[in-house]
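**Q** In the numbering used here, the protein residues as written are 8 to 258.
Even for Gly, the Cβ is constructed at its ideal location relative to N, Cα and C.
Bear in mind that the values here come from a model prediction, so they are computed numbers and not experimental data.
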Amino acid sequence: MTDSGEERDVSEGSRTSPRRLLAWTVGVTAALALFVYVPGPVATVLHKRDAAQLVDQVADQRTAALQRAETARSALAPLGSPVRSWSSVNCEVRPRYSDGDGEQGVVVRYQQACEPMVREIYALPSGRSTVADAAALLKGRLSESERTCYEPIYDVVDLRLGEIDADGYAMALRWVGRQGKSSHGDVSCALPVPNDDGATRVEMIVDEPLTADAYVVFSVFGETVLSNIGCERSVGWLGSCTDPPEGAPYL
Numbered sequence: 008m009t010d011s012g013e014e015r016d017v018s019e020g021s022r023t024s025p026r027r028l029l030a031w032t033v034g035v036t037a038a039l040a041l042f043v044y045v046p047g048p049v050a051t052v053l054h055k056r057d058a059a060q061l062v063d064q065v066a067d068q069r070t071a072a073l074q075r076a077e078t079a080r081s082a083l084a085p086l087g088s089p090v091r092s093w094s095s096v097n098c099e100v101r102p103r104y105s106d107g108d109g110e111q112g113v114v115v116r117y118q119q120a121c122e123p124m125v126r127e128i129y130a131l132p133s134g135r136s137t138v139a140d141a142a143a144l145l146k147g148r149l150s151e152s153e154r155t156c157y158e159p160i161y162d163v164v165d166l167r168l169g170e171i172d173a174d175g176y177a178m179a180l181r182w183v184g185r186q187g188k189s190s191h192g193d194v195s196c197a198l199p200v201p202n203d204d205g206a207t208r209v210e211m212i213v214d215e216p217l218t219a220d221a222y223v224v225f226s227v228f229g230e231t232v233l234s235n236i237g238c239e240r241s242v243g244w245l246g247s248c249t250d251p252p253e254g255a256p257y258l
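In structure tokens:
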């Protein structure tokens, strides 16, 4: 004979079990929805904030880049004054690959990489517009590679070209022949422009017409600083990392 109290408990438990199951299911579903979909927009806001702070941080480093460009003026004096120059913060998106904590070669996140940059463009006179002329004017050295229309110049006195100094800054010097033909088959080589892709906080210093056939481009690059910006995933922030987040780099 079964105790009436036990019958009442079993009866009440059987009546409430579907309700509890439904409530539990709804609760878990809601939690998963928040877990999967809410962090995406929230993470985007946080990544954009971090990227903005990164750009501010790098912009503060332009003063040091400009100082290095100023100290290089004596070595570049044979070229005269630049016909165009500017400073900027240049950013790009870089993939971050798995390094042993998962399948090799898989992108686990994307990073925004920003660096301060100073560009100076010097026009060469029509009678001395070849890359050999430019190297001779600067007492520099050319590479042994086949000549194209975008050639580096090395070993200019007082310029540590291609070296990274103790503070993470480097310099580069290139001859650009706009009427030449590059190794990629271009009709002419394009000069760098202030508002190139990934450039922000551009401040023009000199801006004159570019009418010469050949130029020397001097560049100062600062140390690259990185910030995580996540990625586009197949479902919320779960699943495989497919592409950089929309709108990146955040400028």
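I'd like to know whether the C-beta atoms of ARG181 and ILE160 end up nearer to each other than 8 Å.
**A** In this structure, ILE160 lies closer than 8 Å to ARG181 by Cβ.
**Q** So the candidates are TYR129, CYS238, GLY169; which of them puts its Cα closest to the Cα of VAL52?
**A** With distances taken between Cα atoms, VAL52 lies closest to CYS238.
**Q** Where do the ends of the beta strand (DSSP E) carrying ASP140 lie?
**A** Looking at the DSSP string, ASP140 is not in any beta strand (DSSP E); the run it does join, the alpha helix (DSSP H), is 138-145.
**Q** Are the region 58-65 and the region 170-177 touching by the rule of at least three beta carbon pairs closer than 8 Å?
**A** Too few Cβ pairs lie closer than 8 Å, so no.
**Q** If you follow the alpha helix (DSSP H) that ASP135 is part of, which residue opens it and which one closes it?
**A** The displayed chain sequence assigns Arg, not Asp, to residue 135. Counting along the chain, ARG135 falls outside any alpha helix (DSSP H), and DSSP gives it neither H nor E.
**Q** Could you check the C-alpha separation between SER190 and PRO48 for me, to the nearest Å?
**A** Its pLDDT being 49, under 50, SER190 is placed unreliably by the model, and the measurement read from it follows with that caveat. So the two alpha carbons sit approximately 44 Å from each other.
**Q** For SER21, is the classification buried or exposed, using 16 other Cβ atoms within 10 angstroms of its Cβ as the cut-off for buried?
**A** Caution applies to SER21, whose pLDDT of 46 falls short of 50 and renders its modelled position unreliable; the value that the coordinates give is listed next. Exposed, because fewer than 16 other Cβ atoms sit within 10 Å of the Cβ of SER21.
**Q** Under DSSP, the beta strand (DSSP E) around THR78 begins and ends at which residues?
**A** Not the beta strand (DSSP E): THR78 falls in the alpha helix (DSSP H), residues 69-78.
**Q** Is the CB-CB distance between CYS196 and ARG208 below 8 Å?
**A** Contact: no.
**Q** Please state the DSSP three-state secondary structure of PRO48.
**A** If DSSP states are grouped into helix, strand and coil, PRO48 belongs with the helices.
**Q** DSSP puts VAL100 in a beta bridge; with which residues?
**A** According to DSSP, VAL100 bridges with GLN119.
**Q** Whole angstroms is fine: what's the gap from PRO216's alpha carbon to CYS98's?
**A** Rounded to the nearest angstrom, the two C-alpha atoms are 27 Å apart.
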